[in-house]
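Before any comments, here is the structure.
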Amino acid sequence: MVSHDGDNQKHSPAAEVVVVILPFVSQGHLNQLHHLSRRISTYNIPVHFVSTTTHIRQLRSRHHDSGKHSTVQYHQLPTPPFTSPPPNASARFPSHLQPAFESTLHLRRPFAGLVASLSASARRVAVVHDFLMSYVVQDVKTIPNAETYIFNPISACDGFWRAWERLGRPFSVDPDVLDRLPSDDGTFSPEFIKFVNLQLSHIGFHVGDLYDSSRVIESEYLDYLDREEIKEKKKIWAIGPLSYADKEVTTVSKNRHDCLQWLDLQPLNSVIYVSFGTTTTFRDEQIKELAIGLERSQQRFIWVVRAADFGDVFGDDAKALDLPIGFERRVEGRGLVVRGWAPQMEILEHSAIGGFMSHCGWNSTTESISMGVPIAAWPMHSDQPKNAFLICDVLGIGLMVCDWEHRDELVSSVAVEGVVRRLIDSSQGVEMRRRSSELADAVRRSVVEGGACRTETDSFISCINRH
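To convert, note that position 400 of the sequence shown is 400 in full-length UniProt numbering; the numbers rise steadily by one, no gaps.
In structure tokens form, the structure reads like this:
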């Protein structure tokens, strides 16, 4: 049974076209498609955002305006109970979330029922789903007036290289680039590779692919993806960065986070923001080295200290991460530790921020690019090594903290200190901020009328509205 959100469930007349959004059950993936839902809603098209009860609740706990867009309706799908182990700091890939990932396979039947119900009163139902939900949407092809579009939550860079390898390297590329490219070894767990292969076995009937990227960021890789050998007659739209394009329809919280008030007191470009996303937990010894490196750098910083999300994001079993004794006292005034959630976009947008030490998740990467902030790249898993390559090697707006080939080694405090100093307090850092600022200006131009992001979004909307 599917439950509907009482706050915005409406009895409306039959619609020409409705859009159904189905994200994957991970915070970053939820964010991207939630941004897209609100973006599509500005075209006065009814949008139905579908996820599990737990993840709708998670979305609302972190996006307080998630019920205020009148054409977005929220549908909650039940999932059977599952047990997730705690995050394993010794493993880079978040395998503790695999039971949650596997639980999505049970959504196939209720999701098909929802789409069938919506199709009865619409000319067309356009289902936009995360690639990792391809198994779940397989029955949509049996509904005559419904069609699917795959949303790819990764960079075009990572997406291209994986497709190029999977399709047997159908054309040649620059061998020098291949030599510098990080390998895919260790990016996924064996269990997750099996899960991905299951999704791959259920694609092929979709109309096209959406990417949370922009041609001003990844023109070369989007052009590669648009080659017939790769896209295989599917349409391609680069409609991002969604986090920035969605800013104009996002309600700003009236209550500013304390860390923003602290940033107000810091000089221009003087603070490095340190955060590693929602799926990564460091070993105790790595936390210690990172803390020592930040302290010895003598640079200002904001450090978001949190454990990875559990399978049950509302469980109370999260481990508190211990910092070196006396660390917060010694860095008081120069460094700020934030435990738990922090308003990342608002932090990156602040003029005091001069750099971002990041795991290079694609959301964090596009947010940093959009705000003109260079990156100290420390990839952990999945698409992150290729994102770090894009940042440092292709775009020239970042420094590597740890090369992927040395991913299992402890990163020393000396290495952390050196990267922080170079990014915040050197001519190299100044030059990277200049390049980052130029790229951010191009991104901002892309989301306004006539820009690349707006043009491709308009093209997608025209496709789903076609007669």
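Beta carbons: idealized from backbone N, C-alpha and C, even for Gly.
Would you give the residue range spanned by the alpha helix (DSSP H) that residue 152 belongs to? As a first step, residue 152 is located in the sequence shown; it is residue number 152 there, counting from the start. Careful: residue 152 lies outside any alpha helix (DSSP H), inside the beta strand (DSSP E) at 146-152.
Residues of its chain near residue 429, where Cβ-Cβ distance is below 8 angstroms and the 5 sequence neighbours each way are ignored: Here residue 429 refers to the residue found at position 429 of the sequence shown. Cβ neighbours of residue 429 beyond the five flanking positions: 354, 355, 374, 422, 423.
Just to confirm the assignment, what range does the beta strand (DSSP E) spanning residue 405 have? Translated into the one-based positions of the sequence shown, residue 405 becomes position 405. Unbroken run through residue 405: none, as it is neither H nor E.
How close, in whole Å, do the beta carbons of residue 439 and residue 369 come, if the pair is a contact with beta carbons under 8 angstroms? Taking the sequence shown and counting its residues from 1, the one referred to as residue 439 is at position 439. Taking the sequence shown and counting its residues from 1, the one referred to as residue 369 is at position 369. Yes, they are in contact, since the Cβ atoms of residue 439 and residue 369 sit about 6 angstroms apart, within 8 angstroms.
Which stretch, first to last residue, makes up the beta strand (DSSP E) that contains residue 235? One-based indexing of the sequence shown puts residue 235 at position 235. Segment 235-238, the beta strand (DSSP E) holding residue 235.
With distances taken from CA atoms, which of 456, 407, 448, 452 is nearest residue 90? In the sequence shown, residue 90 corresponds to position 90, counting from 1. For residue 90, the nearest C-alpha among the options comes from 407.
Compute the beta-carbon to beta-carbon distance between residue 153 and residue 184, rounded to the nearest angstrom, for a pair I have assumed lies under 8 angstroms. The residue you call residue 153 lines up with position 153 of the sequence shown. The residue you call residue 184 lines up with position 184 of the sequence shown. Contact flag wrong, Cβ pair sits at about 17 angstroms.
Exposure of residue 322, with buried meaning 16 or more beta-carbon neighbours within 10 Å: Your numbering for residue 322 matches position 322 in the sequence shown. Looking at its Cβ environment, which holds fewer than 16 other Cβ atoms inside 10 Å, residue 322 is exposed.
Going straight from the alpha carbon of residue 182 to that of residue 111, what length do you get? Counting from one through the sequence shown, the residue named residue 182 turns up at place 182. Counting from one through the sequence shown, the residue named residue 111 turns up at place 111. So the two alpha carbons sit approximately 37 angstroms from each other.
Taking just the CA atoms, how far does residue 362 sit from residue 383? Translated into positions along the sequence shown, residue 383 becomes position 383. Translated into positions along the sequence shown, residue 362 becomes position 362. If I take the Cα positions, the gap works out to 8 angstroms.
Three-way DSSP call (helix, strand, coil) for residue 90 in this model: Here residue 90 corresponds to residue number 90 of the sequence shown, with the count starting at 1. If DSSP states are grouped into helix, strand and coil, residue 90 belongs with coil.
Examine the Cβ distances between the stretch 323-338 and the stretch 300-307 and report whether three or more of them are shorter than 8 angstroms. Enough Cβ pairs lie closer than 8 angstroms, so yes.
Just tell me which of 381, 330, 271, 44 has its CA closest to the CA of residue 352. As a position in the sequence shown, residue 352 is number 352, starting the count at 1. Here the closest residue by C-alpha is 271.
Does DSSP put residue 207 in a helix, in a strand, or in coil? The residue you call residue 207 lines up with position 207 of the sequence shown. Reduced to three states, the DSSP call for residue 207 is coil.
Length of the line joining the Cα atoms of residue 114 and residue 46: If you number the sequence shown from 1, residue 114 lands on position 114. If you number the sequence shown from 1, residue 46 lands on position 46. The alpha-carbon atoms of residue 114 and residue 46 are separated by roughly 15 angstroms.
Taking the straight line between their C-alpha atoms, what separation do you get for residue 337 and residue 437? Against the sequence shown, residue 337 aligns to sequence position 337. Against the sequence shown, residue 437 aligns to sequence position 437. Taking the straight line joining both Cα atoms gives about 27 angstroms.
Given residue 488 as reference, the closest of 416, 201, 279, 385 once Cα atoms are compared: No statement about residue 488 is possible, as the shown extent of the chain runs from 1 to 467 and does not include it.
Quick check on DSSP: helix, strand or coil for residue 181? Taking the sequence shown and counting its residues from 1, one reaches residue 181 at position 181. Residue 181 falls in the coil class under three-state DSSP.
Considering Cα atoms alone, identify which of 175, 18, 71, 143 is closest to residue 42. In the sequence shown, residue 42 corresponds to position 42, counting from 1. Residue 71 is the option with its Cα nearest to residue 42.
Does the stretch 270-286 touch the stretch 390-399, meaning 3 or more C-beta pairs lie closer than 8 angstroms? Look at the beta carbons and you see the stretch 390-399 not touching the stretch 270-286: under three pairs across the two are nearer than 8 angstroms.
State yes or no: is the C-beta of residue 167 within less than 9 angstroms of the C-beta of residue 230? If you number the sequence shown from 1, residue 167 lands on position 167. If you number the sequence shown from 1, residue 230 lands on position 230. It is a contact, given that the beta carbons lie within the stated cut-off.
Residues bridged to residue 332 by DSSP? To locate residue 332, count along the sequence shown from 1; it is residue 332. The partner list for residue 332 (beta bridge, DSSP) reads 335.
Within 10 angstroms of its Cβ, does residue 85 collect 16 or more other Cβ (buried), or is it exposed? Here residue 85 refers to the residue found at position 85 of the sequence shown. With fewer than 16 other beta carbons inside 10 angstroms of its own, residue 85 counts as exposed.
Run the CB neighbour count on residue 155, radius 10 Å, all protein chains shown included, and call it buried at 16 or more, exposed below. What you label residue 155 is simply residue 155 of the sequence shown in a count that begins at 1. Classification for residue 155: buried.
What separation, rounded to the nearest whole angstrom, lies between the Cα atoms of residue 175 and residue 208? The sequence position of residue 175 within the sequence shown is 175, counting from 1. The sequence position of residue 208 within the sequence shown is 208, counting from 1. So the alpha carbons of these two residues sit roughly 30 angstroms apart.
Compute the distance between the beta-carbons of residue 150 and residue 206, then report whether it is under 9 angstroms. Your numbering for residue 150 matches position 150 in the sequence shown. Your numbering for residue 206 matches position 206 in the sequence shown. Their beta carbons are under 9 angstroms apart, which means residue 150 touches residue 206 by this criterion.
Can you tell which of 93, 139, 196, 290 has its C-alpha closest to the C-alpha of residue 410? Here residue 410 refers to the residue found at position 410 of the sequence shown. Minimum Cα distance to residue 410 is reached at 290.
Name the DSSP bridge partner or partners of residue 375? Numbered from 1 along the sequence shown, position 375 holds the residue referred to as residue 375. Partner(s): 356, 398.
Reduced DSSP category for residue 104 - H, G, I as helix; E, B as strand; rest coil: One-based indexing of the sequence shown puts residue 104 at position 104. Correct three-state label for residue 104: helix.
Return yes when the Cβ of residue 222 is within less than 9 angstroms of the Cβ of residue 211, no when it is not. Position 211 of the sequence shown holds residue 211. Position 222 of the sequence shown holds residue 222. In contact: residue 211 and residue 222 (Cβ atoms closer than 9 angstroms).
Test item: CB-CB of residue 186 and residue 359 under 9 angstroms: As a first step, residue 186 is located in the sequence shown; it is residue number 186 there, counting from the start. As a first step, residue 359 is located in the sequence shown; it is residue number 359 there, counting from the start. The answer is no: Cβ separation not under 9 angstroms.
Let me confirm a value: residue 37 is counted as buried when at least 16 other C-beta atoms fall within 10 Å, else exposed. Which label applies? Mapped onto the sequence shown, residue 37 falls at position 37. By the 10 Å Cβ count, residue 37 comes out buried.
Would you call residue 105 buried or exposed, if buried means 16 or more other Cβ atoms sit within 10 Å of its Cβ? Taking the sequence shown and counting its residues from 1, one reaches residue 105 at position 105. Exposed.
What three-state label does DSSP hand residue 112 in the structure shown? Within the sequence shown, numbered from 1, the residue matching residue 112 stands at position 112. It is helical.
Between the CA atoms of residue 48 and residue 122 - distance to the nearest angstrom: Taking the first residue of the sequence shown as 1, we reach residue 122 at position 122. Taking the first residue of the sequence shown as 1, we reach residue 48 at position 48. Residue 122 and residue 48: Cα-Cα distance of roughly 13 angstroms.
Mapping DSSP to helix, strand and coil, what is residue 136? Taking the sequence shown and counting its residues from 1, one reaches residue 136 at position 136. Coil at residue 136, not helix or strand.
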